[in-house]
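2 protein chains.
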Amino acid sequence: MQAFKNRLSQYAVLDDDIWALMDDITTKSVTYRAGEDIVRVGDIAETLFIVNKGWAVRHRTLEDGRRQIVNFMLPGDIFDLQALACLEADHTVTSVTDVSILVIDTRDFVQILRSSGDISSSFWWAAVQEESILREQIVRLGRRSAKERIGHLLLELQRRMNGAMGTNHSQMPLPLTRVDLADALGLTPVHVSRTMSAMRHAGLIEESRGVILIDDRDRLARLCHFNTDYLHLRRLDFSKFNMPAAESQNRSKTNGSRPHSS
Amino acid sequence: MQAFKNRLSQYAVLDDDIWALMDDITTKSVTYRAGEDIVRVGDIAETLFIVNKGWAVRHRTLEDGRRQIVNFMLPGDIFDLQALACLEADHTVTSVTDVSILVIDTRDFVQILRSSGDISSSFWWAAVQEESILREQIVRLGRRSAKERIGHLLLELQRRMNGAMGTNHSQMPLPLTRVDLADALGLTPVHVSRTMSAMRHAGLIEESRGVILIDDRDRLARLCHFNTDYLHLRRLDFSKFNMPAAESQNRSKTNGSRPHSS
DNA sequence: CGATTCATTGATCGAGATCAAAATTGGTGG
DNA sequence: CCACCAATTTTGATCTCGATCAATGAATCG
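Sequence lines, in order, name chains A and B.
For the first sequence, this note's numbering gives the first residue as 181, with consecutive numbering after it.
For the second sequence, this note's numbering gives the first residue as 181, with consecutive numbering after it.
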């Protein structure tokens with residue numbers, strides 16, 4: 181739960197009663213060993229999950245064996261919000277390391293959403309952030325070179341890990357094989373290996389026993405056009421959402437280019 | 181609004197009062213010419229949009245000019261649900277053709293969500309579907325060949341268009357240039373041209389004046405492993421959501437592989 | 001200390017990129 | 001209806017990034 185708190189507090193200040201409420205509904209916790217399926221294609225989820233410890237991936241495998249990792253789920257990430265729409269899973273979620281996961285019942289979740297605007301807004305933020313990460317993954321795959329993809333992903337993972345842990349290390353455990361990285365980045369493991377070795381020689385990264393160190397984050401960020409905007413880390417004040425009714429104030433900030441009337 | 185109705189009714193049966201409610205809050209409609217920006221990076225949305233007529237794209241451009249189209253927005257699509265979290269846009273939305281767009285005020289939207297479980301569920305479905313389409317785009321870019329990407333995207337667009345129009349044609353207007361397709365598929369326009377010409381010769385598609393015809397959809401689908409599951413088109417019964425409280429029934433359908441206790 | 005999994009390295013290949021020119025298409029105005 | 005212009009598409013020649021195939025080297029773990 182701590183990871184989830186850390187993460188949400190990047191976005192909003194939530195007071196203690198809210199966390200008390202959250203604790204009430206996250207009564208169940210489940211553990212998986214590395215490499216187990218947590219959600220399978222076709223499952224109809226009836227619960228939400230919050231990753232508490234460990235890494236997991238959402239991925240799909242085509243009939244001929246090609247695999248694509250869609251995104252990584254780190255501590256503090258909430259998933260299967262789609263359970264709220266009762267839909268079948270169209271992908272698989274598998275643990276990468278041993279993981280511990282909090283389980284929230286759908287009904288309890290809906291209740292809690294109704295109980296507080298701050299909570300709703302925070303969960304909404306988490307959902308938007310996740311979607312934004314997916315979009316960035318699309319840009320990464322569609323328009324970046326191998327070196328950029330790798331650097332960009334490493335920086336994202338590091339930033340997210342730091343967010344979840346409430347730290348700011350330039351070092352992090354990276355429990356991924358070259359095959360995992362390749363499947364996430366649309367490359368082959370061989371090429372990932374070669375490219376990372378080049379990055380090591382260039383002094384961009386250091387690796388040892390599952391831990392990766394990025395000395396000069398700015399340099400790497402510049403090199404692969406990494407910009408954290410898409411992570412929406414800025415803290416917002418949405419107190420206005422809690423105001424009773426009120427006529428709509430301050431709705432002016434321009435958007436769009438001269439629309440044509442009506 | 182018709183397109184939106186058509187789309188939602190693929191998923192659920194909604195009665196007339198709900199549409200009356202929807203009509204109440206979608207009072208404003210805006211029109212853009214082809215090629216205008218509807219949402220710009222940095223905009224803070226205070227409204228939601230529903231595409232009524234025409235096509236739009238969500239895209240990002242890197243500093244050096246490389247552009248990636250993240251997804252296509254067709255009639256019936258709702259966007260900027262992220263407005264609910266008050267976040268800045270991290271991408272641009274641009275019209276491809278002339279478009280007409282319905283505008284919904286955030287507050288009105290929240291009101292209507294509270295008023296009906298069916299409505300919430302339907303919007304939630306739309307959000308899940310959109311996210312699912314993003315995930316599929318990731319698989320497409322990461323693990324498919326040029327020919328597969330093109331065929332897969334065409335089939336998706338056709339299916340979605342038919343869903344929005346309430347039709348089932350094997351023909352559809354395709355208002356996209358080779359550059360658009362290339363930017364969506366992580367390819368160059370030259371290669372898109374070549375590949376599509378090969379597909380034409382193979383009798384997989386026909387084109388004339390902005391209209392594309394897919395004679396044998398099954399053949400193309402087989403060729404590029406297209407499977408509609410990710411569009412979540414099946415109609416569901418979620419009447420249980422409207423039940424007052426009730427102890428949780430039928431929550432058995434297995435998910436995950438033997439979790440380890442606790 | 002074998003056995004298995006994972007990472008690296010080398011040699012070669014190929015899908016798709018790049019550069020450049022020619023051919024279509026689609027307006028627009030005379 | 002035709003001539004002209006700009007935008008788009010197609011085609012050709014060549015190059016390159018990353019894939020493929022295959023062997024060798026660490027690690028890790030009973």
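Where a beta carbon is used, it is the ideal one built from N, C-alpha and C, also for glycine.
What you are looking at is a predicted structure, and each value in this text was computed from that prediction instead of being measured.
Hey, how far is the Cα of residue i from the Cα of residue j?
| i | j | result |
| --- | --- | --- |
| T434(B) | R294(A) | Its pLDDT being 37, under 50, T434(B) is placed unreliably by the model, and the measurement read from it follows with that caveat. For T434(B) and R294(A), the distance between alpha carbons rounds to 29 Å. |
| K233(A) | K185(A) | 13 Å |
| Q248(A) | R238(A) | 9 Å |
| S275(B) | D360(B) | 12 Å |
| V221(A) | V273(A) | 9 Å |
| L333(A) | L356(A) | 12 Å |
| G297(B) | F303(B) | 10 Å |
| R213(B) | V219(B) | 14 Å |
| R246(A) | V210(B) | 43 Å |
| A306(B) | E243(B) | 32 Å |
| K420(A) | T207(B) | Annotation note: pLDDT 45 at K420(A) (below 50); position unreliable, coordinate value reported separately. Going by the C-alpha atoms only, they are around 23 Å apart. |
| T347(B) | G383(B) | 23 Å |
| R443(B) | L393(A) | An answer regarding residue 443(B) cannot be provided, because it is not within the stretch 181 to 442 covered by chain B. |
| V193(A) | I284(A) | 22 Å |
| Y191(A) | E311(A) | 16 Å |
| Q338(B) | P369(B) | 21 Å |
| Q317(A) | L411(A) | 12 Å |
| S280(B) | W235(B) | 9 Å |
| V308(A) | D396(A) | 29 Å |
| L413(B) | S189(B) | 9 Å |
| D196(A) | M181(B) | 43 Å |
| Q351(B) | I230(B) | 24 Å |
| D260(B) | T227(A) | 26 Å |
| I385(B) | M379(B) | 6 Å |
Which residues in chain A have a C-beta closer than 8 Å to the C-beta of residue i? List them in chain order.
| i | result |
| --- | --- |
| Q248(B) | I318, V319, G322, R323 |
| S301(B) | L264, A265, C266 |
| L188(B) | The contacting residues do not exist; L188(B) stays about 12 Å from chain A at best. |
Which residues in chain B have a C-beta closer than 7 Å to the C-beta of residue i? List them in chain order.
| i | result |
| --- | --- |
| E336(A) | Residues of chain B passing the Cβ test: none, with the nearest at roughly 13 Å. |
| H271(A) | R315 |
| G366(A) | L321, G322, R323 |
| S312(A) | D270 |
Looking at the unbroken beta strand (DSSP E) that takes in residue i, where does it start and where does it end?
| i | result |
| --- | --- |
| L282(B) | 279-285 |
| A393(A) | Checking the sequence, you will find Leu at residue 393(A) rather than Ala. 391-393 is the span of the beta strand (DSSP E), which, as asked, contains L393(A). |
| E311(A) | Note, E311(A): premise wrong, no beta strand (DSSP E); alpha helix (DSSP H) at 297-323. |
| D217(B) | 217-219 |
| Q445(B) | Because chain B spans 181 through 442 in this model, residue 445(B) falls outside it and cannot be assessed. |
| H371(B) | Note, H371(B): premise wrong, no beta strand (DSSP E); alpha helix (DSSP H) at 369-381. |
| Q351(B) | 351-353 |
| H239(A) | 236-241 |
| R247(B) | 247-253 |
| E387(B) | 386-388 |
| I230(A) | 227-233 |
| S212(B) | According to the sequence displayed, residue 212(B) carries Tyr and not Ser. That run of the beta strand (DSSP E) goes 208-212. |
| T274(A) | 272-275 |
Along the chain, where does the alpha helix (DSSP H) containing residue i start, and where does it finish?
| i | result |
| --- | --- |
| R402(B) | 397-403 |
| V359(B) | 358-365 |
| Q262(B) | Premise fails: Q262(B) is in no alpha helix (DSSP H) and is neither H nor E. |
| G331(B) | 326-345 |
| D203(A) | 196-205 |
Cβ closer than 9 Å: which chain B residues qualify as neighbours of residue i?
| i | result |
| --- | --- |
| V308(A) | L261, Q262, L264, A265, L267 |
| S373(A) | Chain B residues near S373(A): none, gap ~18 Å exceeds 9 Å. |
Inter-stretch contact (C-beta, 8 Å, three-pair minimum) for the segment 337-355 of chain B and the segment 247-267 of chain B: Because the criterion of three Cβ pairs below 8 Å is met, the segment 337-355 of chain B and the segment 247-267 of chain B touch.
Would you be able to state if there are at least three C-beta pairs under 8 Å between the segment 266-273 of chain A and the segment 389-396 of chain A? No contact exists between the segment 389-396 of chain A and the segment 266-273 of chain A.
Cβ contact check for the segment 366-373 of chain B and the segment 282-291 of chain B: 3 or more pairs under 8 Å: The segment 366-373 of chain B vs the segment 282-291 of chain B: no contact.
Residues within the segment 332-363 of chain A neighbouring chain B, beta-carbon criterion of under 9 Å: Flagged, chain order: D363.
What are the residues of the segment 259-270 of chain B that lie near chain A, defined by any Cβ-Cβ distance shorter than 9 Å? Only those residues of the segment 259-270 of chain B whose C-beta falls short of 9 Å from the nearest C-beta of chain A are listed: L261, Q262, L264, A265, C266, L267, E268, A269, D270.
When you check each C-beta in the segment 198-219 of chain A against every C-beta of chain B, which residues fall closer than 9 Å? Flagged, chain order: K208, S209, V210, T211, Y212, R213, E216, D217, I218, V219.
Can you find at least 3 beta carbon pairs, one from the segment 314-328 of chain A and one from the segment 394-413 of chain A, that sit closer than 8 Å? They touch, by the three-pair rule.
Select from the segment 378-394 of chain A all residues with a C-beta closer than 8 Å to any C-beta belonging to chain B, and list them in chain order. Taking 8 Å as the upper bound on Cβ-Cβ separation, chain B lies near no residue of the segment 378-394 of chain A.
Under 8 Å: do the segment 361-370 of chain A and the segment 193-203 of chain A share three or more Cβ pairs, one atom per stretch? Counting Cβ pairs under 8 Å, fewer than three are found: no touch.
Please name the residues in the segment 397-415 of chain A whose beta-carbon is closer than 7 Å to at least one beta-carbon of chain B, in chain order. The segment 397-415 of chain A vs chain B, Cβ under 7 Å: H405, D409, Y410, H412.
Check distances from the C-beta atoms of the segment 233-244 of chain B to those of chain A and list, in chain order, the residues that come in under 7 Å. Answer set for the segment 233-244 of chain B: R240, L242, E243.
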